[in-house]
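Okay, so here's the structure we're looking at.
Protein chains in written order, with my numbering: chain A, 213 to 632; chain B, 640 to 777.
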């Protein structure tokens with residue numbers, strides 16, 4: 213490949229990153245099907261890779277890709293129409309009936325934004341498993357290649373390719389229309405979209421497996437998807453809540469990892485390494501959620517908690533009383549063992565380790581929490597603060613044996629060692 | 640990765656404040672960047688007549704007030720964007736209405752706008768000793 217060709221290829225990739233969602237969405241609407249829409253878009257991309265090195269990059273590359281895809285679709289339809297008419301001819305001869313003419317309604321090129329939103333609703337459709345939703349969203353909406361997604365999720369490329377093919381097949385078999393959800397299911401479908409975006413973010417923020425503590429590329433993709441969604445549905449307060457949460461958490465990304473790759477906990481982070489630009493963006497997004505006047509949802513509350521940390525110059529001056537109250541509100545709205553656990557930590561910071569331990573004892577009756585590594589780690593920390601080092605060490609050891617993240621295991625094992 | 644896109648309009652101080660039409664076009668462009676989820680921040684800058692240049696040489700600090708009439712390539716504003724490659728930043732710069740406007744006019748003879756694209760340093764771009772220096776000022 214000549215250097216000029218590889219330059220053009222990189223430009224084609226760049227155009228694709230910008231245009232993928234809109235091209236796939238528009239073609240999916242024409243085809244009425246996401247699987248077909250994506251195939252058409254990929255064919256258009258291949259055509260671009262063939263033709264752009266000689267013809268140059270078109271002035272409006274997105275429209276060029278859509279046009280090529282649409283032409284391909286029309287060719288297919290025409291071919292099928294010929295086939296259909298031949299078949300119908302046979303049917304007519306057999307039954308002497310009249311062929312019902314199928315008139316393909318030419319749809320107007322209306323608002324592309326609506327198409328992108330429909331695309332998100334489809335790739336996050338409840339008929340799909342969660343791993344399928346995240347893979348499909350990254351492929352079709354974020355415009356990542358299968359190789360990039362496989363690398364981010366630490367799986368083999370054929371495995372990821374299979375997952376994407378199967379997801380498209382599932383959508384086709386379930387006859388999922390490329391359409392906006394009915395008004396009565398809009399809220400739950402939007403929740404599903406938010407969940408997928410946050411799943412992608414969290415896989416990057418606290419990698420559940422593998423040797424690396426974070427995979428920031430996934431955080432960035434999730435944040436970009438969140439920002440796109442916030443402009444598509446600006447009146448939805450939880451969208452801004454989620455964006456605020458991700459901006460604020462991202463602001464700490466580079467402070468969370470030591471030079472050797474080991475994780476640094478919030479209390480030990482050098483706050484000068486927090487990204488002030490992302491903090492400002494996060495606080496602005498939180499304000500946007502607030503201004504909609506419907507209170508804060510689970511994401512907004514978590515963002516409000518993250519904002520307390522972001523505003524505090526150090527751990528001591530953090531408003532732990534407010535954080536405890538926010539966790540309380542969160543537990544009411546979206547009860548979960550992890551929220552309870554965090555609430556116990558916040559209580560211990562606001563009112564002392566006894567208060568935290570008391571809450572922890574109350575909630576570990578819950579089986580989901582009892583054998584979670586975080587429960588053991590928190591208990592270890594509280595016991596240490598209460599001057600009970602032997603019990604604390606036992607809890608850290610237990611926590612180390614329960615986690616699946618290598619880096620976290622090292623950190624916990626370190627705390628389990630008697631301090632010198 | 641983050642990129643700064645510096646707008647260098649190459650216009651005179653008198654023409655510095657853009658027309659309502661130009662502002663409307665630029666706002667549409669900024670919205671496009673926002674909707675794509677890539678825009679982190681942006682600003683437009685006053686002309687150099689309201690600025691100053693501070694230099695250190697010959698054993699002293701010198702302050703020169705604007706305008707800098709002899710200077711070329713004066714920055715008019717910037718966008719800070721988060722994208723996945725330099726090529727993507729270039730693609731976005733190409734779509735700027737000031738660039739498009741000048742490019743799409745045959746026999747264009749007006750000021751030639753330039754967008755300079757520069758990648759922002761991340762911590763991991765530095766060698767370990769530089770990284771250490773960046774965090775040991777306490």
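For each residue, glycine too, the CB sits at the ideal point set by N, CA and C.
Is the separation between the beta-carbon of residue i and that of residue j shorter than 8 Å?
i                     : j                     : result
residue 453 (chain A) : residue 505 (chain A) : no
residue 231 (chain A) : residue 274 (chain A) : yes
residue 551 (chain A) : residue 542 (chain A) : yes
residue 466 (chain A) : residue 525 (chain A) : no
residue 348 (chain A) : residue 340 (chain A) : yes
residue 559 (chain A) : residue 536 (chain A) : yes
residue 722 (chain B) : residue 640 (chain B) : yes
residue 706 (chain B) : residue 687 (chain B) : yes
residue 511 (chain A) : residue 450 (chain A) : yes
residue 673 (chain B) : residue 443 (chain A) : yes
residue 565 (chain A) : residue 597 (chain A) : yes
residue 714 (chain B) : residue 644 (chain B) : no
residue 249 (chain A) : residue 236 (chain A) : yes
residue 718 (chain B) : residue 681 (chain B) : yes
residue 473 (chain A) : residue 619 (chain A) : yes
residue 346 (chain A) : residue 412 (chain A) : yes
residue 575 (chain A) : residue 556 (chain A) : yes
residue 727 (chain B) : residue 229 (chain A) : yes
residue 678 (chain B) : residue 738 (chain B) : no
residue 577 (chain A) : residue 592 (chain A) : no
residue 364 (chain A) : residue 430 (chain A) : yes
residue 441 (chain A) : residue 392 (chain A) : no
residue 384 (chain A) : residue 336 (chain A) : no
Give me whichever residues DSSP pairs with residue i in a beta bridge.
i                     : result
residue 699 (chain B) : B:696
residue 704 (chain B) : B:691
residue 718 (chain B) : B:644 and B:681
residue 755 (chain B) : B:645
residue 197 (chain A) : The shown model of chain A, from 213 to 632, leaves out residue 197 (chain A), and the question about it has no answer.
Can you tell me which of the options puts its alpha carbon nearest to the alpha carbon of residue i?
i                     : options                       : result
residue 499 (chain A) : A:519, A:480, A:292 and A:482 : A:519
residue 697 (chain A) : A:411, A:260 and A:426        : Residue 697 (chain A) is absent from the structure shown; chain A starts at 213 and stops at 632.
residue 367 (chain A) : A:343, A:354, A:379 and A:383 : A:343
residue 259 (chain A) : A:280, A:285, A:570 and A:407 : A:280
residue 478 (chain A) : A:493, A:491, A:488 and A:461 : A:461
residue 277 (chain A) : A:293, A:480, A:238 and A:291 : A:238
residue 514 (chain A) : A:503, A:540, A:492 and A:527 : A:540
residue 267 (chain A) : A:217, A:579 and A:629        : A:217
residue 222 (chain A) : A:326, A:252, A:257 and A:233 : A:257
residue 689 (chain B) : B:698, B:678 and B:703        : B:703
residue 331 (chain A) : A:605, A:572 and A:402        : A:402
residue 369 (chain A) : A:378, A:359 and A:377        : A:359
residue 709 (chain B) : B:642, B:769, B:652 and B:773 : B:652
residue 252 (chain A) : A:352, A:294, A:335 and A:326 : A:352
residue 494 (chain A) : A:409, A:464 and A:378        : A:464
residue 629 (chain A) : A:486, A:586, A:609 and A:616 : A:609
residue 284 (chain A) : A:240, A:431, A:220 and A:325 : A:240
residue 469 (chain A) : A:228, A:570, A:386 and A:428 : A:428
residue 523 (chain A) : A:377, A:589 and A:491        : A:491
residue 261 (chain A) : A:219, A:387 and A:385        : A:219
residue 613 (chain A) : A:586, A:386, A:488 and A:594 : A:586
residue 415 (chain A) : A:242, A:434 and A:399        : A:434
residue 595 (chain A) : A:616, A:549 and A:568        : A:568
residue 456 (chain A) : A:439, A:286, A:381 and A:471 : A:439
residue 664 (chain B) : B:693, B:740 and B:749        : B:740
residue 754 (chain B) : B:671, B:660, B:659 and B:731 : B:731
residue 264 (chain A) : A:243, A:604, A:227 and A:282 : A:227
residue 254 (chain A) : A:234, A:270 and A:296        : A:234
residue 436 (chain A) : A:354, A:487, A:398 and A:544 : A:354
Taking 7 Å as the cut-off, is the beta-carbon of residue i closer than that to any non-hydrogen atom of the ligand SAH?
i                     : result
residue 269 (chain A) : With respect to small molecules bound, the structure shown includes none, and the ligand SAH cannot be examined in it.
- Query: Which residues, in chain order, does the segment 660-685 of chain B contribute to contact with chain A at a C-beta distance below 9 Å?
  - Reply: 670, 673, 674, 675, 676, 677, 678, 679 and 680
- Message: Taking beta-carbon pairs under 8 Å, can you tell me which members of the segment 220-233 of chain A lie near chain B?
- Response: 222, 223, 225, 226, 227, 229 and 230
- Task: Counting only runs of 4+ residues fully inside the segment 365-398 of chain A, write out the alpha helix (DSSP H) ranges in chain order.
- Result: 369-385
- Item | Selection of the segment 748-772 of chain B by Cβ proximity to chain A, strictly under 9 Å | 761, 762, 763, 767, 770 and 771
- Message: For the segment 490-504 of chain A, list every residue whose C-beta sits within 9 Å of some C-beta in chain B, in sequence order.
- Response: 490, 492 and 493
- Item | the segment 464-487 of chain A: positions lying closer than 8 Å to chain B by Cβ | 466, 471, 482, 484 and 485
- Query: Given a limit of 8 Å on CB to CB distance, which residues of the segment 432-443 of chain A reach chain B?
  - Reply: 432, 435, 436, 437, 438, 439, 440 and 443
- List in chain order: all unbroken alpha helix (DSSP H) runs of 4+ residues lying wholly within the segment 492-539 of chain A. 510-523
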